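Numbering (mature numbering (1 follows the signal peptide of the UniProt record, and there is no 0)), first residue to last: -27 to -1, 1 to 564.
Shown next, in structure tokens, is the structure this report addresses.
Structure, rendered in structure tokens:
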């Protein structure tokens, strides 16, 4: 019997000229940023109580009838049997996901909805999990994420004991748009937290990773799920197990058409038919990570009912296929806090900065951010990965570069904006770009082109500071525009787009995830747009929310166009342009 594995449990119940420096340079407060506050501790505990007391059940979106092999039928039901106990010190990125909805009737448990899933911290505000744990549920209203603890959160005489862990609500949710509940296909999701957690993130694998999935490669699965087929109790402590990767042929022979090659991977030794001799993921482990070589290569997706049916294997979402879709959700910080990348502009006459929020294919009315006089460059980014949009600003007078970042309130300390010097005398830099993670360590980096045309990478440390710069190439002074924010080529790596100042040729430089001269693949020509066609490019990320990086381009007359990314590293890199309006020639800075 085939089951989707989410479930619920009854008892869950750099020193050279132009090098980066870091000194304080004053502070400012801007009221336009909304502080993201999560639910109170009391509310979170109410949700935990509902999730912990719910009867075991499969989320309703997984109740379709299907089978585990040729000719058999069953009810889909998501899921460590075997394995051993481990600690959060060894897996600091593990997260407990609790869902508790009282159905609007606190005094009537009959309509309560509660369940438990696993997840992994892949960025300070991001949890990677399974779509079947997310789709159809309102995690902002009813979810709790617990991190930093080996033990399961438990109710102790009405007081929830987190065993030193930290609890958080959920700010927003995303699941793969092609998730199919009946087949448990495209089973990947990301939860965004209102504020960062202290847990150490684990990197996701990259697109094109094949080594991690070779037959016999040992992956580790982690979770608090069921430890026996005899009852539905989940583990009170974090467990792990070693599972050898199986070939697609083996998986397909076992599960027939329900195993989708390329989308799924199965692992483990064939179950014995009983707990004895079986090592498997099980109910409650859903959404948890399958780890190979220190990175997530899969998420627990589905298996068989009670997890030990003879010959069965645990099935995981094959993350290398989905990282290109998940990466933009992990690196999707924007001004307004939704899932659309927004645009910052500055009026050339008044020097007033404005926020233009994306609504997908339109821009909302502008909102003033006050004076940005004295600066000649603004780049949108999130250097400290706190989920709030930051800005890199270059001072006109001396070329000094500042990181202007938002600091949320803490205790009695009010929220504030802090201006921190990060670059001394960058006046002659031809380009300054914050494309995201270029070096492959999942931390945002800073790039610049100096007056001699050398491209430099400043590897970010995730806190607004940078390691010593690394030279990535020469000859970049041939370009009059170098831009990038996110993944244009749909491989889960940050890319650059550059325009030749003589010919107008547009080139894509695909990121490789490496530092130094190998940071980008050989350029690919994707178009020709002269300065008379467009005189401004802006790259702020995924403007229309489809998971691919987009491009904004302005004509000399002032009309702004959105070019939606297609993920194709060819002349078809962008879809047909969409006009976002006129009058944009009034702005001299685009973020």
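Ideal placement from N, C-alpha and C gives every residue a C-beta, glycine not left out.
In this text, all values refer to a predicted model and were calculated from it rather than measured experimentally.
Item: C-alpha distance - residue 418 paired with residue 200, whole-angstrom precision; Value: 42 Å
Item: Bridge partner(s) assigned by DSSP for residue 479; Value: 472 and 500
Item: Spatial distance of residue 110 from residue 521 (CA atoms); Value: 25 Å
Item: Residue 544 - DSSP class collapsed to helix/strand/coil; Value: coil
Item: 7 Å Cβ cutoff met for residue 465 and residue 413; Value: no
Item: Cutoff 6 Å; reference residue 381; Cβ partners in own chain excluding five residues on either side; Value: 8 and 388
Item: Three-pair Cβ contact test at 8 Å for the stretch 203 to 218 versus the stretch 228 to 237; Value: no
Item: N- and C-terminal bounds of the beta strand (DSSP E) containing residue 429; Value: 428 to 431
Item: Spatially closest choice to residue 65 from 93, 404 and 503, by CA coordinates; Value: 93
Item: Assigned secondary structure, residue 23 (DSSP; H/G/I helix, E/B strand, else coil); Value: helix
Item: Assigned secondary structure, residue 434 (DSSP; H/G/I helix, E/B strand, else coil); Value: coil
Item: Beta-carbon gap between residue 194 and residue 263 smaller than 7 Å; Value: yes
Item: Straight-line Cα distance separating residue 525 from residue 336; Value: 12 Å
Item: Nearest-angstrom beta carbon gap, residue 140 and residue 17 [assumed within contact, 8 Å]; Value: 5 Å
Item: N- and C-terminal bounds of the alpha helix (DSSP H) containing residue 300; Value: 292 to 303
Item: Beta-carbon spacing of residue 188, residue 218 below 7 Å; Value: yes
Item: Counted within 10 angstroms of its Cβ, other Cβ atoms place residue 148 as buried (16 or more) or exposed; Value: buried
Item: Inter-residue Cα distance where the pair is residue 258 and residue 374; Value: 46 Å
Item: Top-ranked residue by Cα proximity to residue 298, from 120, 282, 347 and 460; Value: 460
Item: Residue 535 and residue 516 closer than 7 Å at C-beta; Value: yes
Item: Touching by the beta-carbon criterion (3+ pairs, under 8 Å), the stretch 261 to 281 and the stretch 430 to 441; Value: no
Item: Other residues of its chain near residue 544: CB distance less than 8 Å, five sequence neighbours each side excluded; Value: 498, 499 and 500
Item: N- and C-terminal bounds of the alpha helix (DSSP H) containing residue 239; Value: Looking at the DSSP string, residue 239 is not in any alpha helix (DSSP H); the run it does join, the beta strand (DSSP E), is 237 to 240.
Item: Buried or exposed by the 16-neighbour rule on C-beta atoms within 10 Å, applied to residue 253; Value: buried
Item: 7 Å CB neighbourhood of residue 552 in its chain, flanking five on each side removed; Value: 532 and 534
Item: As assigned by DSSP and simplified to three states, the class of residue 82; Value: helix
Item: Residue range of the unbroken alpha helix (DSSP H) whose run includes residue 144; Value: No alpha helix (DSSP H) contains residue 144, which DSSP labels as neither H nor E.
Item: Buried/exposed call for residue 130, threshold 16 Cβ in 10 Å; Value: exposed
Item: Residue 366 versus residue 186 - alpha carbon distance; Value: 43 Å
Item: Residue 507 - containing alpha helix (DSSP H), residue span; Value: No alpha helix (DSSP H) holds residue 507; DSSP gives it neither H nor E.
Item: N-terminal and C-terminal residue of the beta strand (DSSP E) that residue 193 is part of; Value: 191 to 196
Item: CB of residue 426 within 7 Å of CB of residue 400, strictly; Value: no
Item: Three-state secondary structure assigned by DSSP to residue 17; Value: helix
Item: Environment of residue 25 [buried if 16+ CB atoms lie within 10 Å]; Value: buried
Item: Of the listed residues 386, 362 and 294, nearest to residue 378 (C-alpha basis); Value: 362
Item: Same chain, Cβ closer than 7 Å to residue 78, five either side skipped, listed in chain order; Value: 84
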